[in-house]
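What follows is a set of notes on a single structure, which appears directly below.
Protein chains: 2
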Amino acid sequence: MGRWAPGAAQRLPQAAMELFAERGFEATTVAEIADRAGVTERTFFRYFADKREVLFAGQEQFASAFIDAIDAAPDGAALADLVAAAAAAGGAVLQQARGREFARARHAVIAANEQLQERELLKLAKLAAAVAERLKARGVTAVAAQLGGDLTVSVFSDAFNRWIAPGETRDLVALQRESLAALGELAAGVTQPLKARRA
Amino acid sequence: MGRWAPGAAQRLPQAAMELFAERGFEATTVAEIADRAGVTERTFFRYFADKREVLFAGQEQFASAFIDAIDAAPDGAALADLVAAAAAAGGAVLQQARGREFARARHAVIAANEQLQERELLKLAKLAAAVAERLKARGVTAVAAQLGGDLTVSVFSDAFNRWIAPGETRDLVALQRESLAALGELAAGVTQPLKARRA
DNA sequence: CCAGTGATGACAGATGCTGACATCAGCTGC
DNA sequence: GCAGCTGATGTCAGCATCTGTCATCACTGG
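Going down the list, the protein sequences come from chains Y and R. For the first sequence, numbering that gives the first Met the number 0 assigns the number 198 to the last residue and increments by one with no breaks. For the second sequence, numbering that gives the first Met the number 0 assigns the number 198 to the last residue and increments by one with no breaks.
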């Protein structure tokens with residue numbers, strides 16, 4: 000290795016999280032993050048494409064949990080089962096990786112700044128697109144696959160938001176089952192009126 | 000009025016759309032947009048909070064179509080009907096306001112740049128939250144309302160994406176019915192396994 | 001011991017965005 | 001008419017984000 004302390008890729012996100020939590024995202028400059036991590040501003044931008052990206056390091060593992068769950072599902076699985084399995088797999092990774100407290104802290108930082116919300120939404124949109132692509136590869140129609148991708152992310156996100164609510168102690172996957180139940184009830188009203196409406 | 004040609008608020012988005020379509024979003028500077036509109040860069044930032052926002056002028060009308068449709072629905076309406084009505088109202092506004100060709104051109108500009116996609120996703124997320132809020136005001140439970148807001152936007156977006164596909168001539172609301180049908184089929188698989196699974 | 005490699009530092013510059021103050025047409029009250 | 005106010009715009013200075021380019025230097029392989 001080089002003449003500098005290794006692990007800059009790990010120190011930078013940690014320094015960023017600390018500073019963002021202390022003073023907020025906009026009140027923190029990239030130079031300050033780099034200083035705390037012991038590198039220069041230029042090096043920060045060698046590791047992360049922009050200032051926001053430092054909060055989204057290592058999301059590939061999270062996204063691949065969704066994908067792998069779909070690819071690993073048995074052949075006859077219904078679309079609803081695929082959605083549930085993918086969301087559950089993503090939730091499991093999230094719970095094990097860093098835990099609820101870390102998720103809460105990270106979410107608080109993101110919730111306080113629209114630029115960060117935008118980045119998170121883009122990541123989730125890409126995840127939904129990737130899920131839809133794997134669904135199509137299994138033979139799901141294009142329309143159902145696109146909606147299935149969106150729904151997977153919606154079920155995950157809605158459950159996640161309740162999972163990190165103050166005082167909540169239930170398991171993330173249990174909360175996803177709750178969201179899925181609401182989805183089932185909602186959609187029970189859509190199938191029948193669509194054919195029987197005004198009959 | 001002042002000593003300058005009026006209508007800067009209209010000329011700026013038009014100049015921006017032209018330049019973005021010609022050379023792309025990143026290759027266009029705010030100074031160039033302002034020049035074409037006959038104002039200074041500083042004036043641009045008086046009308047729009049940032050460079051991206053110029054493409055999202057006048058979205059309040061679009062969002063209020065969703066909200067108004069929910070508030071105007073009859074008392075006994077099922078959640079699924081509210082979702083369908085809101086998406087249909089938003090679609091109607093979009094079709095009448097500027098038409099499919101304008102939507103295609105605008106979407107092409109946005110699809111070519113991730114910064115613009117982020118902004119659009121943020122607008123849609125806020126719309127989903129606003130829809131969820133109105134659903135809760137009608138007595139829908141928090142869990143169902145959050146999911147209902149997401150679903151409204153998903154149904155709208157999925158149908159919109161097909162609406163602007165090359166060669167597509169069907170009505171936007173007709174495409175939404177297609178998305179809703181896919182939703183019904185998907186969710187038909189979720190209600191029953193949730194209670195009967197492993198029975 | 002020497003050339004190559006790869007990560008980092010140093011520096012200059014374009015662009016996005018903001019604050020502060022000046023300017024000037026039209027309106028208002030007298 | 002005329003003085004003053006108002007509101008939109010221009011002008012200017014400045015900070016922060018992000019990028020291109022080149023130099024530096026520890027480590028590696030021969």
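Quick reminder that beta carbons are idealized off the backbone N, C-alpha and C, glycines included. Note that the structure is a prediction, hence the values are computed from the model and not measured.
Check: Using DSSP with H/G/I as helix, E/B as strand and the rest coil, what is R/K135?; Outcome: helix
Check: Which value, in whole angstroms, describes the spacing of the CA atoms of R/G148 and Y/G6?; Outcome: 42 Å
Check: Restricting to Cα atoms, I'd like to know which of Y/L171, Y/D80, Y/A4 is closest to Y/Q95.; Outcome: Y/L171
Check: Might you give, ordered along the chain, the residues of its own chain that have their beta carbon closer than 6 Å to the beta carbon of Y/V82, omitting 5 neighbours on each side?; Outcome: G147, L150, T151
Check: Among R/I69, R/A26, R/V53, R/L182, which one has its Cα closest to the Cα of R/L201?; Outcome: Residue 201 of chain R is absent from the structure shown; chain R starts at 0 and stops at 198.
Check: What residues from chain R crowd round Y/E177, counting only those whose CB sits closer than 7 Å?; Outcome: V142
Check: Start and end of the alpha helix (DSSP H) containing R/W162?; Outcome: 141-162
Check: Quick one: residues in its chain with C-beta nearer than 7 Å to the C-beta of Y/E132, no 5 flanking neighbours on either side, listed in chain order?; Outcome: none
Check: Return the chain-ordered list of same chain residues with a C-beta closer than 6 Å to the C-beta of Y/A86, the five sequence neighbours on each side being excluded.; Outcome: T151, V154, F155, Q175
Check: For a quick check, are the C-beta atoms of R/G188 and Y/A173 less than 7 Å apart?; Outcome: no
Check: So which of Y/F159, Y/R51, Y/D67 has the shortest CA-CA distance to Y/P12?; Outcome: Y/R51
Check: Taking contact to mean at least 3 C-beta pairs separated by less than 8 Å, is the stretch 102-119 of chain R in contact with the stretch 109-123 of chain Y?; Outcome: yes
Check: What are the residues in the stretch 93-115 of chain R lying within 9 Å of chain Y by C-beta distance?; Outcome: E113, Q114
Check: Residues in the same chain with beta-carbon distance under 6 Å from Y/A30, minus the five sequence neighbours each way, listed in chain order, please.; Outcome: E40
Check: So, does the CB of R/L134 fall closer than 7 Å to a CB anywhere in chain Y?; Outcome: no
Check: Applying the 10 Å Cβ sphere with the 16-neighbour rule, what's the burial state of R/R199?; Outcome: Because chain R is modelled from 0 through 198, residue 199 of chain R falls outside the range shown and cannot be assessed.
Check: Give the C-beta separation of R/A181 and Y/V142 to the nearest angstrom, bearing in mind that I take them to be a contact with Cβ-Cβ under 8 Å.; Outcome: 5 Å
Check: Which of helix, strand or coil does DSSP assign to R/Q9?; Outcome: helix
Check: For the stretch 20-34 of chain Y, which residues have a CB atom closer than 9 Å to at least one CB atom of chain R, in sequence order?; Outcome: none
Check: Would you grab the beta carbon distance between R/T27 and R/A33 for me? Rounded to a whole angstrom, and I think it's under 8 Å.; Outcome: Not confirmed; about 11 Å, so no contact.
Check: Looking only at its own chain, which residues have a Cβ that is under 7 Å from the Cβ of R/A4, when we skip the five neighbours before and after it?; Outcome: G37
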